[in-house]
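Have a look at the structure below, then the notes.
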Amino acid sequence: TDLGAGKSMGHAMRACIIGMAMAEVLRLAAEDQAELYYSFLLMHSGCTVLSLGLATTIQGDELAAIGDITLRDDTNQLEMMAWMRRNVSPQAPIPARVRHIIGMMLHPGDAEDHTRGACEVAFRVAQRLGMPPGVQDTVRHYLERWDGKGPFGLLGSAIPLKARLLHAALKMEAVHSVRGRNAAEAMMLAQKGKIFDPQMAAAFLAAARNTALWETLAKEDLWSDFFDLEPDSPYRNMEESKLDDVALAVADFVDLKTPLTVGHSRETARIAEGIARRTHVPAPDVANIRRAALVHDLGLIALPGHILLKQGQLSEADKEKLRLHPYYTERILSRVPALTPVAAIAGRHHERMNGTGYYRGLSGNELPLGACILALAAAFQERMQPPPGQPGPDPIAILNAMQPEAGPLFSPDCFTALAQELGVTASKPARRRAWPAVLTWLEVEILWLVATGASNRQVAQKLVVSEKTVAHHLEHIYNKIGVSSRAAAVFFAMEHELIT
56 TDLGAGKSMG HAMRACIIGM AMAEVLRLAA EDQAELYYSF LLMHSGCTVL SLGLATTIQG
116 DELAAIGDIT LRDDTNQLEM MAWMRRNVSP QAPIPARVRH IIGMMLHPGD AEDHTRGACE
176 VAFRVAQRLG MPPGVQDTVR HYLERWDGKG PFGLLGSAIP LKARLLHAAL KMEAVHSVRG
236 RNAAEAMMLA QKGKIFDPQM AAAFLAAARN TALWETLAKE DLWSDFFDLE PDSPYRNMEE
296 SKLDDVALAV ADFVDLKTPL TVGHSRETAR IAEGIARRTH VPAPDVANIR RAALVHDLGL
356 IALPGHILLK QGQLSEADKE KLRLHPYYTE RILSRVPALT PVAAIAGRHH ERMNGTGYYR
416 GLSGNELPLG ACILALAAAF QERMQPPPGQ PGPDPIAILN AMQPEAGPLF SPDCFTALAQ
476 ELGVTASKPA RRRAWPAVLT WLEVEILWLV ATGASNRQVA QKLVVSEKTV AHHLEHIYNK
536 IGVSSRAAAV FFAMEHELIT
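Okay, so the sequence shown: first residue is 56 according to my numbering, each after it adds one.
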């Protein structure tokens, strides 16, 4: 999640090292230190929400913008003006940029909604992974400010202690990585009592006096130091069966990157599993193919959202960035030994039989069956994604359109298996007896439209009601499912498979 949060690789590990040093100064109990450690791992698990929100708002590179804003006081008007001049519509003519900046200043609520959404999604990811309440509360409130100007408006000691510590540590890591130790200490002193809890400021400055901390942070490879900090806890080791829960959480987190990808990974996994069974893949390999399908687009978090949202032809530079996302997927997953076979499949989902795919350009016999299955499933599901607020196309029509690609691009055997799978699926439509959280049919339809990228106005036009009526329904939906942001509602919809 470091790349998706506009940070360099290793940001979370470095922030964790700083945070655990602060925890030692504060003499936090062992249980609190364990919860803090896992909070650092999950703090940016809502970063795709912030990425999407900023990409659509600033019409520029939101990852660079997120990294830049981390170094600033976002309640200081002069600081924010400098940030806007640097990041908002950088390629647009000056008059258009000025209008855009003024519009953002007049409607700050949009940015606040994106930030709340990112925190709520991180909270839900922690819940779904079975993390304790201390971790859930920490990642929900880690962007709160001591002065009460954070996303949920918590003030002072009302902010969970570990959230205050985490916020201070991640800010200090970001400033230290870009501007150095002195700048980090200067920012802490300047923002003590504003952004940061004075107690956390004192803990950081005390930890900073230990030169061993800075020597550790300067290392090229921090993995051993990071793992040495992991406390003994029930969460240290994971049963293989839990990998499915992790993969599902990752799928939903990644698919929030754009409205066009919402639900894509779950559907790709369903299709890939069906093809795998019909090609007589052994059960353990079917499980790995399903997991690979769920996480195959993980590398997209490293890409600026404006590339994925851009309409029309991409530039050559943007095409090259897009072609790298399977590489990032494989690199991230390969860090986890238990996911090595999953990484090998997921990293090949854009390879093609004739060698025209990416990022390796493999062909024919160089492609294992699992990669061939995932490549076809992902390509088919991508073409099944409907425009915002529109029903999906006919799967048989899509299959027929792809028929000439069986052989040159995709495995003929896999294509035959997909055709068989679609025939069975079409003959047995799924039926649902009840909706989650006592949602009505109309509320589910509104939630589906919102999840696929429709604005309140587009939803109103589709349902032939007023925008005020849509907003009223959304408020009821939020209350029923226990969220306060559009992004968290979309995450709920994916989790409960309301988007198909």
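Virtual Cβ for every residue (Gly too), placed ideally from N, Cα, C.
query: Would you tell me roughly how many angstroms separate the C-alpha atoms of Leu225 and Gly74, rounded to the nearest one?; result: 8 Å
query: Which value, in whole angstroms, describes the spacing of the CA atoms of Ile501 and Ile554?; result: 11 Å
query: Given a cut-off of 9 Å on the beta-carbon distance, is the pair Phe259 and Thr103 in contact?; result: no
query: Exposed or buried, what is Pro215 when buried is set at 16 or more other beta-carbons lying within 10 Å of its beta-carbon?; result: buried
query: How long is the line joining the alpha carbons of Glu550 and Trp278, rounded to whole angstroms?; result: 32 Å
query: Helix, strand or coil for Ile554? Go by DSSP, reduced to three states.; result: coil
query: According to the neighbour-count rule (16 or more other Cβ atoms, all chains shown, within 10 Å of its Cβ), is Glu199 buried or exposed?; result: buried
query: Hey, how far is the Cα of Lys535 from the Cα of Met293?; result: 32 Å
query: Residues in the same chain with beta-carbon distance under 7 Å from Ser482, minus the five sequence neighbours each way, listed in chain order, please.; result: Confidence at Ser482 is low in this model, with a pLDDT of 49, below 50, so its placement is unreliable and the value that follows should be read with caution. Excluding positions up to five away in sequence, the list is empty.
query: For the segment 344-353 against the segment 368-386, are there 3 or more C-beta pairs whose distance is under 8 Å?; result: yes
query: Using DSSP with H/G/I as helix, E/B as strand and the rest coil, what is Lys365?; result: coil
query: Figure out for me which residue from Ala257, Phe282 and Arg438 has the closest Cα to the Cα of Glu322.; result: Arg438
query: With C-beta atoms as the reference, is Trp201 less than 9 Å away from Arg179?; result: no
query: Measuring CA to CA, which of Thr495, Glu175, Ala137 and Met136 is closest to Leu97?; result: Glu175
query: For Leu272, collect the residues of the same chain with a Cβ closer than 6 Å to its Cβ; drop the 5 residues on either side in sequence, then sort them by chain order.; result: Arg69
query: DSSP puts Phe251 in a beta bridge; with which residues?; result: Lys247
query: Please report the distance separating the alpha-carbon of Cys71 from that of Ala324.; result: 33 Å
query: Going by alpha carbons, who is nearest to Val336 out of Gly412, Lys217 and Cys427?; result: Cys427
query: Just how far apart, CA to CA, sit Gln191 and Pro459?; result: 49 Å
query: Tell me the DSSP secondary structure of Ala461 in three-state form.; result: strand
query: Can you give the Cα-Cα distance for Ser106 and Gly122, rounded to whole angstroms?; result: 11 Å
query: Sort Asn131, Gln132, Ala119 and Asp168 by Cα distance to Pro145 and report the nearest one.; result: Ala119
query: Which residues mark the beginning and the end of the alpha helix (DSSP H) in which Gln88 is found?; result: Ala85 to Leu97
query: Assuming Glu79 is part of the alpha helix (DSSP H), what are its boundary residues?; result: His66 to Leu81
query: Are the segment 130-144 and the segment 153-162 touching, with three or more C-beta to C-beta distances below 8 Å?; result: yes
query: Do Gly101 and Ala542 count as a contact pair if the criterion is CB distance below 9 Å?; result: yes
query: Do Arg236 and Ala263 have their beta-carbon atoms positioned less than 9 Å apart in this structure?; result: yes
query: For the alpha helix (DSSP H) that contains His527, what are its first and last residues?; result: Glu522 to Ile536
query: Would you call the CB atoms of Leu477 and Thr334 closer than 9 Å?; result: no
query: Which whole-angstrom value describes the C-beta separation of His361 and Gly115, a residue pair presumed to lie in contact below a C-beta threshold of 8 Å?; result: 6 Å
query: Over the uninterrupted alpha helix (DSSP H) stretch that includes Asn511, give me the two end residues.; result: Asn511 to Leu518
query: For Ile400, does the count of other Cβ atoms within 10 angstroms reach 16, so buried, or fall short, so exposed?; result: buried
query: State the Cα-Cα distance for the pair His99 and Gly248, rounded to the nearest angstrom.; result: 24 Å
query: Pop quiz: Val317 and Val545 are said to be a contact at Cβ under 8 Å. What is the actual Cβ separation, rounded to whole angstroms?; result: 6 Å
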